[in-house]
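Asks: Just so you know, our numbering puts 146 at position 61 of the sequence shown, and the rest follows in order with no gaps. Where a beta carbon is used, it is the ideal one built from N, C-alpha and C, also for glycine. Computed from a predicted model, the values in this text were never measured in an experiment.
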Amino acid sequence: MKDAGEEILHEKEIVTQGGRFSLVLSSRDLGTAYPGMILYTLRVFCGDAVIARFRTNTFEYPPSSTIAARDAAIAKADEWEHDLVSGHSEFLEPQDIPVAGGHPGPAPDVLILQGSPRAQGNCSILAAWAQDQATRDGFSADVVYLDDLIIRGCIGCYQCYNTGTCTFEDDMTGLIGQVRGARLMIVCTPVYTNTVPGMLKIFLDRCQAWHAEQVITGAVAQGKRGLLFAVAGRKGEENFACVTSVVHAFMRHLRIHPSGTVLFDDLDRTRDIRQVPGAEDRIRNAVKAALRTGKERDALLRA
């Protein structure tokens, strides 16, 4: 009657004219994700079947909130008990919240995120080289232009840690399925004000829902790799410090192993990435290496 890692806090049998029900309130420590995060789950059982479910967690409630997660769960238990005894069971179906199962959706082998809003800029050229190389090596590869999608910004509600899914239903839902299923993710980005462009940052933040899914289901990503290709107008590797920090932190957070970084600076002067000697070979070799293992991969990385 409980999931792994849960502790039952309260359990009550309720007998009504409509049948016999069990009301069970449990807690689960999610401190490995965030210190002090506790998930409370209230379930209504009819026999062994869960016919209603309510979840809330401690991080949903900001410091100025007048109610805490545990209090909210207890209040919901009292409300449901009253409704069951009174014969008001309309709440059962709407509160039956599904939890993400962690199964890969339709996805290419290689997912390439074009993080620049400029559809024909240097990042698009990098993305095209990467896609072509993956295809030559026998892998399916898709390029996603993030600025073509409708994706709302994360609002920090932490409700994804209740169900493993985001409260917003937009283009990010399908994109997370692709991220989940791809073996290699490639991020192509320019440097905007020393960091990533706005839509790419929105994407990175909204992937928090996939992290929540991994935490709740235990279906941790395995064997996934990530590449970062970035361009900057100004000269000097220091211009990439924030971009590399942000993207690599994002990858590690989702258990995606950063497997290569290719940076091109001084493009305000050069303008066209295709005029940079060896640029295309560096991109192609990075893709080849990320899709291979062992000595063959090491040789490509040294090329």
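1) Can you list, in chain order, the residues of its chain with a C-beta nearer than 6 Å to that of Ala-192? Leave out the 5 residues immediately preceding and following it.
2) So what does DSSP say about Val-305, is it helix, strand or coil?
3) May I have the straight-line CA-CA distance separating Val-339 from Phe-144, to the nearest angstrom?
4) Please confirm whether Ala-294 and Cys-245 have their CB atoms less than 8 Å apart.
5) The beta strand (DSSP E) that contains Arg-140, what's its start and end?
6) How many Å lie between Arg-155 and Thr-302 at the Cα?
7) What is the DSSP secondary structure of Ile-240, reduced to helix, strand or coil?
8) Between Ala-375 and the rest of its own chain, which residues show a CB-CB distance below 7 Å, the 5 nearest in sequence each way excluded?
9) Is Val-300 buried or exposed, if buried means 16 or more other CB atoms sit within 10 Å of its CB?
10) Taking the DSSP output, what are the residues bridged to Leu-124?
11) With C-beta atoms as the reference, is Val-316 less than 8 Å away from Ile-358?
12) Identify which residue in His-296, Val-135, Asp-168 has its Cα closest to the Cα of Gln-102.
13) In the DSSP assignment, find the beta strand (DSSP E) that holds Tyr-230 and state where it starts and stops.
14) Figure out for me which residue from Tyr-230, Pro-202, Phe-106 has the closest Cα to the Cα of Met-257.
15) Mind checking which residues open and close the alpha helix (DSSP H) that includes Cys-208?
16) So, with DSSP's three-state summary, where would you put Ile-358?
17) Please name the residue, chosen from Asp-353, Phe-349, Phe-325, that lies closest to Pro-362 on a Cα-to-Cα basis.
18) My output table needs one value for Leu-376: the three-state DSSP class, helix, strand or coil.
19) Put Ile-152 into one of helix, strand or coil per three-state DSSP.
20) Enumerate in chain order the residues of its own chain whose CB-to-CB distance from Asn-279 is below 6 Å, with the five nearest sequence positions on each side excluded.
21) Of the choices Leu-289, Ala-226, Ser-171, whose alpha-carbon is the least far from that of Ile-197?
22) Pick out whichever of Gln-307, Ala-364, Ile-123, Ile-235 has its Cα sitting closest to the Cα of Cys-208.
Replies: Inspection of the coordinates gives the following:
1) Gln-263, Gly-266, Ala-267
2) coil
3) Contrary to the premise, residue 339 reads as Leu rather than Val in this sequence. Straight-line Cα distance between these residues: approximately 19 Å.
4) yes
5) 134-142
6) 22 Å
7) coil
8) Leu-269, Arg-310, Leu-312, Ser-344, Gly-345
9) buried
10) Arg-113, Asn-142
11) yes
12) Asp-168
13) 226-230
14) Tyr-230
15) 207-221
16) helix
17) Phe-349
18) coil
19) coil
20) Cys-327
21) Ala-226
22) Ala-364
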